[in-house]
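Here the structure is laid out as structure tokens; the discussion comes afterwards.
In the numbering used here, the protein residues as written are -5 to 256.
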């Protein structure tokens, strides 16, 4: 049992106490603050395990009212390197040119990275590599729906939610493998609570695919899910975006191929 010299609280393990009550402070920093032992060199600091936050505070104090080259940031650097960096930092004309170039900038570096990433996501091979690297596998609801589809619609649907099929940079969960451009998306209520299913449907529609949205809570009623998929599959693209249990909707779906619905 000991008493912390900083907060006067008792502790059983100093390392645990420092981690919980002093932002994971190292023992070296604690010794410096508790005993007032000064640290003058970087080697001493590293040897005693003082955290960077302590060193950063010293640099901040050193900067006040001093030229850049005397601010304390350059400890440990060679004289040539120190002078070179200080010269660039103190070059006001250069700083002003950079500032002028940044004025009115419409596309930031973050925007450029985002644009590049979006282009990369259009490449199916790139997306597959990402899924493979992440070790993506079907979750329990996806496995359950896969079993249902294989049992009631053999050789009709395939799970491709691990990057096997990329359409416009997006990866659907299931695709029809019997000649129809149809997709099934299985949405979890938690992960997709703020998503608009119509946006996903409209996205795939641009590439000629019709999409059926199934929510994981619907899997509790297997018969309803089977009928929902059957109605969607038979309609071949003329089905409403999201089918319901409403009998009028079902009748419309069943008759759409006969020309009774335009």
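Note that the Cβ used here is the ideal one computed from N, Cα and C, for glycine as well.
With 16 other CB atoms within 10 Å as the buried threshold, where does residue i fall?
i	result
residue 148	exposed
residue 225	buried
residue 177	buried
residue 23	buried
residue 72	exposed
residue 223	buried
residue 10	exposed
residue 82	exposed
residue 227	buried
residue 19	buried
residue 123	exposed
residue 165	buried
residue 128	exposed
Take residue i and list the residues in its own chain whose beta-carbon comes closer than 7 Å to its own, dropping the five residues that flank it on each side.
i	result
residue 213	135, 138, 139 and 219
residue 92	none
residue 188	none
residue 145	none
residue 125	156 and 157
Give every residue of the same chain whose Cβ lies closer than 8 Å to the Cβ of residue i, excluding the five residues on either side of it in the sequence, and list them in chain order.
i	result
residue 171	149, 150, 151 and 152
residue 199	205
residue 15	-2, 1 and 3
residue 210	135, 180, 181, 182 and 183
residue 257	The question about residue 257 has no answer here: the residues shown for the chain are numbered -5 through 256.
residue 88	82
residue 5	-5, -4, -3, -2 and 11
Return the bridge partner residues of residue i from the DSSP annotation.
i	result
residue 208	180
residue 5	-4
Assuming residue i and residue j form a contact by the criterion Cβ under 8 Å, report the distance between their Cβ atoms to the nearest whole angstrom.
i	j	result
residue 157	residue 116	Contact flag wrong, Cβ pair sits at about 13 Å.
residue 179	residue 190	Contact doesn't hold; Cβ gap of about 12 Å is too wide.
residue 12	residue -4	At roughly 11 Å, the Cβ-Cβ gap does not stay under 8 Å, so residue 12 and residue -4 are not in contact.
residue 216	residue 143	Not really, about 11 Å apart at Cβ, beyond 8 Å.
residue 154	residue 130	Contact flag wrong, Cβ pair sits at about 11 Å.
residue 195	residue 207	7 Å
In its own chain, which residues sit with a C-beta less than 6 Å from the C-beta of residue i, not counting the 5 before and 5 after it?
i	result
residue 203	175 and 177
residue 118	160
residue 221	none
Complete runs of the beta strand (DSSP E) confined to the region 107 to 183 [at least 3 residues]: Look at the region 107 to 183 and you find these whole runs of beta strand (DSSP E), each 3 residues long or longer: 151 to 153, 168 to 170 and 176 to 181.
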